[in-house]
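Quick note, my numbering runs 14 ahead of the 1-based positions in the sequence shown.
Encoded as structure tokens, the structure appears first; notes follow it.
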Amino acid sequence: MNTTIDWNDVIKKEARGINDEDLGEVQLVEDNYVLVQRGNINKEKFYIPKDQAESYDGDVLKFKFSEQELSQYQDEPPSTRDAKSNSDITQENIQEEERTDEESVPLTEERLDVSKVSQENQATITKKPVTETKTEQVQLMHEEISIERRPPSGQTEAQSPIQSQEDIKIPLKREEVEVTKKPYVKEEAVIKKKAFTDNKEITEDVTSEELDASR
């Protein structure tokens, strides 16, 4: 692990605390401080003095303090925090002399922490039978009889004529229609899923505290 820190290389690298806590990502390096940013939606910025950096291994910039101490670097850059004119110091001294008693009252506020939860819907595709009438032309064969009279070609002698009516059965062939239905695949339906991204605006009430001094 490098003890000499290449400050030009730490930008966009991880920042971690002494107990390996995630402090965010390095965004900017100035003469006397490092700007670290944490969070995606509610972004927090921390102005950490360079002398609080402990080491840099090429991927992680490690600091000497823990995550619990990170909030002390949230207000403003050290250059703004430490640069004070003589008149400011004098004025603070006067105010300090006039101040007899004070009490610090923390004021809190709520911040929106928006996260995304994956949900699952269902698209229903229905197959249903559709009945339609189809007509086909079919040729059917059938036999009929016809009677043709002509002179005998051979023997002319015959038995005596019949004395009563006699029926002669002659078989005739014919074709009938027989219909069967067979299923077959006429086409394929390909169902595809495609992801779309929508922008949604979230509006929510948040509560913060204010001081109201009354006698």
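We put the CB at the ideal spot given by N, CA and C, even for glycine.
{"Item": "Please state the DSSP three-state secondary structure of Asp-65.", "Value": "helix"}
{"Item": "Figure out for me which residue from Lys-130, Arg-52 and Glu-150 has the closest Cα to the Cα of Lys-214.", "Value": "Lys-130"}
{"Item": "DSSP three-state label for Tyr-87, please.", "Value": "helix"}
{"Item": "Give me the DSSP bridge partner(s) of Lys-76.", "Value": "Arg-30 and Ser-69"}
{"Item": "Can you find the residues in the same chain that come closer than 8 Å, C-beta to C-beta, to Val-128, ignoring five residues on each side of it along the sequence?", "Value": "Ile-55 and Ile-216"}
{"Item": "Could you pull out every residue in the same chain whose Cβ sits closer than 8 Å to the Cβ of Lys-57, ignoring the five residues on either side in sequence?", "Value": "Gln-51"}
{"Item": "CB-CB under 7 Å to Glu-81, same chain, minus the five flanking residues each way: which ones, in chain order?", "Value": "Gly-31, Glu-35 and Leu-37"}
{"Item": "Can you tell me whether Gln-82 is helix, strand or coil according to DSSP?", "Value": "helix"}
{"Item": "Looking at the strands, I want to know which residues DSSP matches up with Gln-51.", "Value": "Glu-39 and Lys-59"}
{"Item": "Can you tell me the Cα-Cα spacing of Tyr-61 and Ala-29, whole angstroms?", "Value": "12 Å"}
{"Item": "With distances taken from CA atoms, which of Asp-73, Ser-69, Asp-181 and Thr-18 is nearest Gln-25?", "Value": "It should be pointed out that residue 25 corresponds to Ile in this sequence rather than to Gln. Among Asp-73, Ser-69, Asp-181 and Thr-18, the Cα nearest to that of Ile-25 belongs to Asp-73."}
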